[in-house]
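Note that our numbering gives residue 396 to position 341 of the sequence shown, counting from 1, and the numbers run on in steps of one.
Just so it is clear, CB atoms sit at the ideal spot from N, CA and C, and this is done for glycine as well.
Here the structure is laid out as structure tokens; the discussion comes afterwards.
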Amino acid sequence: MAEEEKTELPSAKKIEKAREEGNVAKSIEVLGFLGLLGSFGGIFALFKFWLEGFESMFRESLHWIKLDFSPHNLYVLCLQLLKDALWILLPFLFLVGFIAFLANVLQFGFLFSPKAIAPKWSKINPITGFKNLFSLKRLLDGLLITTKVFIAFILGFVLVYSFVDEIMGVAQVGYKDQLLWFRSKALEVIASLLFLFLVASLLDFMLKRRQYIESLKMTKQEVKDEYKQQEGNPEIKAKIKQLMLKNSMSKMMAAIPSANVVVTNPTHYAVALRFEEDDPAPVVVAKGIDHLAIRIKGVAREHEIEIIENPKLARQLYQDVDVDEVIPKVLFEAVAIVFAQVAHIQQMRNR
């Protein structure tokens with residue numbers, strides 16, 4: 056029998072299970088774009104700080120060179136320069152790390168998955184790796200990267216070529232003006248490339264999202280099985296409901312002998328009422344329509360309980376009051392009249 060086609064969108068449970076295993080929609084292009092954006096931003100923001108820091112390191116190196124150039128002094132100098140370089144680069148490294156974290160959070164939210172870092176044979180299986188190397192997903196990824204690099208090369212070449220006419224004029228101006236010109240042109244090239252990478256990252260993210268949903272799609276049978284696991288087997292639930300209804304019905308029928316009167320309409324509705332000293336008001340102990348109403352009246356006759364015909368009251372009691380609930384105040388007067396009728400009938404019978 057052929058395998059059933061997966062046509063159904065993944066359920067929330069399946070997506071959550073995939074997340075627990077570290078399987079999420081993730082685009083490396085988005086990570087790369089935000090990394091480049093943060094890196095260029097960090098370079099421009101920290102450039103002056105770096106310049107001052109490296110200038111200080113250079114002066115410190117000159118100071119040490121004047122001293123005795125012993126192995127110990129060389130070791131101390133290298134250690135100090137390493138500390139200074141780390142201190143200078145630390146803000147930039149922190150920024151890049153934060154952006155990488157932010158890029159992942161923006162794509163799939165906060166996620167910690169121990170299962171994702173656990174060793175799996177499928178990850179190191181050369182046969183599986185060879186199959187994945189030539190999969191459609193890898194082919195699309197390679198095509199997107201190749202297209203992006205090609206367009207970036209063409210765009211960069213066109214931009215640089217457009218600056219050629221200005222280069223001769225820039226050679227005639229002062230040093231500071233040259234730096235400003237190079238800075239402005241560098242920003243133009245960077246902004247153009249970043250825009251290209253932004254478009255590529257958005258396309259890649261949409262592609263990855265679609266591939267992710269496709270990979271998690273379910274067959275109709277899987278949807279049914281999952282529903283049964285979550286909600287329970289419909290047949291079993293129906294049987295349980297039937298048993299509960301049967302037990303409830305048995306309990307209700309057993310309570311009829313405690314009633315003082317049964318109000319009917321007289322063919323379709325029957326409501327059994329009880330009123331004792333401990334009750335704050337008359338209580339509905341049983342109610343039913345059609346065949347159940349006939350059964351209630353039958354039990355009432357067996358136990359010599361009075362049956363009073365009052366169609367309007369019977370309908371109101373059936374519709375507005377549940378079993379084992381006291382009647383509402385709006386029905387007190389009508390029910391009192393019924394109990395008065397019962398008392399009158401019993402008095403006439405006892406004479």
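Boundaries (first-last residue) of the beta strand (DSSP E) holding residue i
i, result
"Lys-342", "338-344"
"Val-316", "316-319"
"Glu-364", "361-364"
Between the CA atoms of residue j and residue i - distance to the nearest angstrom
i, j, result
"Val-160", "Val-79", "11 Å"
"Ala-312", "Lys-292", "What sits at residue 312 in the sequence shown is Pro, not Ala. Roughly 32 Å separates the two Cα atoms."
"Ile-245", "Ile-143", "24 Å"
"Ser-270", "Thr-202", "25 Å"
"Leu-141", "Glu-107", "14 Å"
"Ser-450", "Val-204", "Here the chain covers residues 56 to 406 and nothing more, so residue 450 does not appear."
"Pro-407", "Lys-275", "Residue 407 cannot be examined here, being either before or after the span of the chain that is shown, 56 to 406."
"Lys-81", "Val-131", "45 Å"
"Leu-117", "Met-223", "38 Å"
"Asp-259", "Thr-62", "23 Å"
"Leu-150", "Lys-296", "60 Å"
"Leu-129", "Gln-135", "10 Å"
"Ile-281", "Leu-198", "Residue 281 is actually Glu in this sequence, not Ile. Going from the Cα of Glu-281 to the Cα of Leu-198 covers about 37 Å."
"Lys-384", "Thr-322", "26 Å"
"Leu-253", "Val-85", "8 Å"
"Leu-101", "Leu-137", "19 Å"
"Arg-193", "Phe-212", "28 Å"
"Glu-115", "Ser-217", "43 Å"
"Trp-176", "Lys-72", "Only weak support is given to the placement of Trp-176: the predicted model assigns it a pLDDT of 48, under 50, and the question is left unresolved by the model."
"Glu-331", "Gln-371", "22 Å"
"Gly-343", "Gly-353", "12 Å"
Residues that DSSP places opposite residue i in a beta bridge
i, result
"Leu-328", "Val-316, Val-339"
"Val-381", "Val-338"
"Glu-63", "Met-273"
Same chain only: Cβ atoms within 8 Å of residue i, ignoring 5 sequence neighbours per side
i, result
"Val-340", "Met-307, Ala-310, Ile-311, Ser-313, Ala-314, Ala-327, Leu-328, Arg-329, Val-378, Asp-379"
"Phe-228", "The identity of residue 228 in the sequence shown is Val, whereas the question assumes Phe. Cβ within range, chain order: Trp-236."
"Leu-249", "Phe-88, Leu-91, Leu-92, Phe-95"
"Ser-111", "Asp-139"
"Leu-298", "none"
"Met-273", "Lys-61, Glu-63, Leu-64, Pro-65, Ser-66, Lys-69, Glu-281"
"Leu-27", "A query on residue 27 cannot be resolved here, the shown segment of the chain reaching from 56 to 406 and no further."
"Arg-356", "Ile-362"
7 Å CB neighbourhood of residue i in its chain, flanking five on each side removed
i, result
"Met-403", "none"
"Ser-247", "Leu-210, Leu-214"
"Lys-365", "Position check: residue 365 holds Asn in this sequence, whereas Lys was assumed. Val-318, Val-393, listed in sequence order."
"Gln-233", "Val-225"
"Trp-105", "Ile-143"
"Ile-83", "none"
"Ile-154", "Leu-89, Gly-90, Gly-93"
N-terminal and C-terminal residue of the alpha helix (DSSP H) that residue i is part of
i, result
"His-399", "387-405"
"Glu-75", "67-75"
"Gly-224", "219-225"
Minimum Cβ-Cβ distance from residue i to chain B less than 7 Å
i, result
"Asn-365", "The structure shown contains no chain B; it holds only a single protein chain."
Cβ shell of residue i (< 6 Å), same chain only, five flanking positions each side left out
i, result
"Arg-264", "Ala-80"
"Ala-369", "Val-318, Thr-319, Asn-320, Tyr-324, Val-326"
"Ala-389", "Leu-368"
Check: residue i C-beta below 6 Å from any heavy atom of the ligand ATP
i, result
"Ala-398", "This structure simply doesn't include the ligand ATP, nor any ligand for that matter."
Practice item. Just list the alpha helix (DSSP H) runs in the stretch 233-317, keeping only unbroken ones of 4 residues or longer that don't cross its boundaries, in chain order. Key: Unbroken alpha helix (DSSP H) runs of no fewer than 4 residues, entirely contained in the stretch 233-317, are found at 275-286, 289-310, following chain order.
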